[in-house]
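Residue numbers (our numbering): 1 to 168.
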């Protein structure tokens, strides 16, 4: 009998290598898909948080440097809240919701504080009064509107802040 040298792979070895390669490829691709979705989710969350913090900072600064809260034009303890404040130069500033967007209105100039893909689902102003000064507590919920069937493009941020009017 001749001595036959074995060269190449057997069918079982080829199938084993192919199945290991397929499993590794599926694991890596599913991990990459998960990372992309996670990154998208974090981006929308950061963006929503950025705009919510920015709006809170603007409202807090306007309230802090105002001289008076105009109670007749304000809506406290209810959603959608509205607040009217008067600054030291006599100008009136309003913060209010219209069609899910938060607006600041100064001297009849109405400007949205959020892009149109972020809606405010809750805005409540609470007036806190004590002997020395008035304070305003702001409670706000912002929601990033993404595609309905894509939860990684959606996020919700709840924020609460309290600001006191400065005494001059």
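Cβ atoms here follow ideal geometry from the backbone N, Cα and C, with glycine treated the same way.
Alpha-carbon to alpha-carbon, residue j and residue i
i, j, result
"residue 55", "residue 25", "45 Å"
"residue 84", "residue 136", "11 Å"
"residue 52", "residue 45", "10 Å"
"residue 150", "residue 103", "28 Å"
"residue 33", "residue 101", "33 Å"
"residue 128", "residue 160", "14 Å"
"residue 170", "residue 63", "Outside the shown range of the chain, which is 1 to 168, sits residue 170, and nothing can be said about it."
"residue 77", "residue 31", "46 Å"
"residue 40", "residue 50", "15 Å"
"residue 13", "residue 35", "33 Å"
"residue 28", "residue 99", "44 Å"
"residue 133", "residue 43", "39 Å"
Beta-carbon proximity of residue i to residue j, cut-off 8 Å
i, j, result
"residue 58", "residue 113", "yes"
"residue 74", "residue 165", "no"
"residue 124", "residue 142", "no"
"residue 117", "residue 79", "no"
"residue 106", "residue 95", "no"
"residue 152", "residue 37", "yes"
Reduced DSSP secondary structure (H/G/I, E/B, other) of residue i
i, result
"residue 71", "helix"
"residue 152", "helix"
"residue 54", "helix"
"residue 126", "strand"
"residue 132", "coil"
"residue 64", "helix"
"residue 31", "helix"
"residue 17", "helix"
"residue 86", "strand"
"residue 165", "coil"
"residue 77", "coil"
Residue from the options whose Cα sits closest to the Cα of residue i
i, options, result
"residue 91", "157, 70, 13 and 161", "70"
"residue 122", "140, 40 and 131", "140"
"residue 126", "162, 108 and 18", "162"
"residue 120", "89, 48, 17 and 88", "48"
"residue 93", "129, 110, 118 and 41", "110"
"residue 146", "131, 130, 132 and 115", "115"
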